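Under our numbering, the first residue of the sequence shown carries the number 1, and numbering increases by one thereafter.
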Amino acid sequence: MSAGAIVIVGAGQAGGWAAATLRGRGYRGRIVLLGDEPHAPYERPPLSKAVLGGQAAPDSTELFSRERLAELDITFRPGVAATRLWPERHQVETSEGAVLDYDKLILCTGGRPIVPALPGVDGPAVHVLRTRDDALRLRTRLGPGRRVVIAGGGWIGLEVAATARQAGCATTVLEQAPRLCARSVPPGVSAHLAALHSAQGVTLRFDTGLRAVQARPDGSCVAELADGGHLEADAVVLGVGMQANDTLARAAGIACDRGVLVDEYCRTSAPDVLAAGDVAVAASAAGPLRLESWQNAQDQGAAAACAALDAGQPYVPSGAVWSEQYDAMVQIAGFPARARREVLRPQADARALLSVALDEGDRVVGAVAVNAARELRPLRQWIAQGARVDPGRLARADAPLSSARIG
Ligand SMILES: Cc1cc2nc3c(=O)[nH]c(=O)nc-3n(C[C@H](O)[C@H](O)[C@H](O)COP(=O)(O)OP(=O)(O)OC[C@H]3O[C@@H](n4cnc5c(N)ncnc54)[C@H](O)[C@@H]3O)c2cc1C
């Protein structure tokens, strides 16, 4: 392609990697990276862990510094949003009123936390966690004896719960479903996570959610629950999910369905517009798939860059996600929520867990390991190969893992 300009909208994990990959692949044209946050591209996983806990400085999460972007001759525009897109004219407008021409445009706009329309959620004690600034704001609310109520027992909610508990807070998690992380893992994993948090002193309340928040003059609040209960809190954290930032694409007439629809080359319905990361919804055999994961944002960002240079390979999302809570390292491979059957493989260490997700033909479709990285390794291959297993052998501690494979 001609060395014109490639514009990347969104300077997060996917956008940063897309920009760096373009240069890495020898693209010599102009690269413009627009980011509406004031920061250089940074990684979000530490925000709910070491940054929130105060063990890591916010700057330590930086993915590419401004200096590195300048070395790569990437025109980085912090604090500048893309406000309008005309795919047929190959132009994009910025919040500064400039109109940029592009040959290709990559949408890496990520997502934002869902804020349910409940009375009082705009109050000062209510928090979300997506950005560095969110983490710093919430951090000021944590400390010994502080009371933290978290709405949502998913990954963000549980990581915040672990960090708050380790900071000495009295911590309660509200979960509308009867179990934790129900959207992404089978019941055995949920039960393990529940036991982990309960043992650390977190109060878990299932089948209930937040109904309203009443602000108090001293900056604290009262969380009203759907089951009629009330909890006094110094902070309420909304961890009820994320919605894709697809407004720009939608307004430009690009096909969206809870995110920007892309094919296996990260192409959207508009010519020369690609998308990657949390905003992208890929087609998959099991239906539309939007992943909220560090690994996917990096890999798909790089894949979109290659596709923009017409050197792309079909992108196959791996589903790899991890989470850290206390001393538990949770690793997810494949798509365990698609399990027709979950098999728990006994582990010598009571803090460890290996959950293997099987489809109706006993093929491995996913796995979740808690402090069991070694046994997860072969399972990653089995997932990629669609291996069949004998569930009985898989569940036997005295049978080597390798002996469970039958096809
Ligand atoms: C607190 C937290 C902890 C996490 N922990 C883990 C973890 O342990 N493991 C894991 O696998 N994943 C984790 N994730 C998920 C992972 O961080 C995300 O999947 C990843 O950041 C997605 O990258 P992205 O580039 O697609 O989106 P983002 O990182 O959200 O970046 C998108 C950027 O685009 C900007 N933007 C949006 N619209 C515009 C516009 N119109 N113009 C210009 N800029 C725009 C946004 O402000 C943002 O800066 C975590 C996420 C959070 C929030």
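Even for Gly, the Cβ is constructed at its ideal location relative to N, Cα and C.
The structure displayed is predicted, hence computed values, not measured ones.
query: Per-residue DSSP class, three states only, for G277; result: helix
query: Neighbourhood of D103 by C-beta, 8 Å cutoff - its chain only, sequence neighbours within 5 removed; result: M1, S2, G4, A5, I6, G29, H90, D272
query: Check: I156 C-beta below 7 Å from any heavy atom of ligand 1; result: yes
query: Every unbroken beta strand (DSSP E) within the region 73-149, with a cutoff of 3 residues, ordered by chain; result: 74-78, 82-86, 91-94, 99-101, 104-107, 111-113
query: Integer Cβ distance of V368 from V189, believed to fall under 8 Å; result: 5 Å
query: When E96, E71, E88, F64 are compared against G79, the one with the closest alpha-carbon; result: E96
query: Whole runs of the beta strand (DSSP E) within the region 146-221, excluding any shorter than 3 residues; result: 147-151, 170-175, 203-206, 210-215
query: Straight-line gap, A167 to P113 (C-alpha atoms, nearest Å); result: 24 Å
query: beta-carbon G12 near ligand 1 non-hydrogen atom, thresh 7 Å; result: yes
query: Complete runs of the alpha helix (DSSP H) confined to the region 235-278 [at least 4 residues]; result: 247-251
query: Own chain partners of A255 with C-beta closer than 6 Å, once the 5 adjacent residues on each side are dropped; result: L261, S269
query: Where E375 sits in the DSSP three-state scheme; result: helix
query: Outcome for H197 when other beta-carbon atoms lying within 10 angstroms are tallied against a minimum of 16; result: buried
query: Residue environment, E67, which counts as buried when at least 16 other CB atoms sit within 10 Å; result: exposed
query: Inter-residue CB distance, L344 and L85 (contact presumed, cutoff 8 Å); result: In fact, because the Cβ distance is near 48 Å, the residues do not count as touching under 8 Å.
query: Burial state of T140 (16 or more Cβ within 10 Å); result: exposed
query: Cutoff 8 Å; reference D101; Cβ partners in own chain excluding five residues on either side; result: G4, A5, H90, Q91
query: Any non-hydrogen atom of ligand 1 closer than 7 Å to S184 Cβ; result: no
query: Ligand 1 heavy atom lying under 7 Å from the CB of G29; result: no
query: For G229, the three-state DSSP class (helix, strand or coil); result: coil
query: Distance cut-off 7 Å: N371 Cβ against heavy atoms of ligand 1; result: no
query: Nonlocal neighbours in the same chain, by C-beta distance under 7 Å from A161, ignoring five residues either side; result: I150, T171, V173, H197, V202
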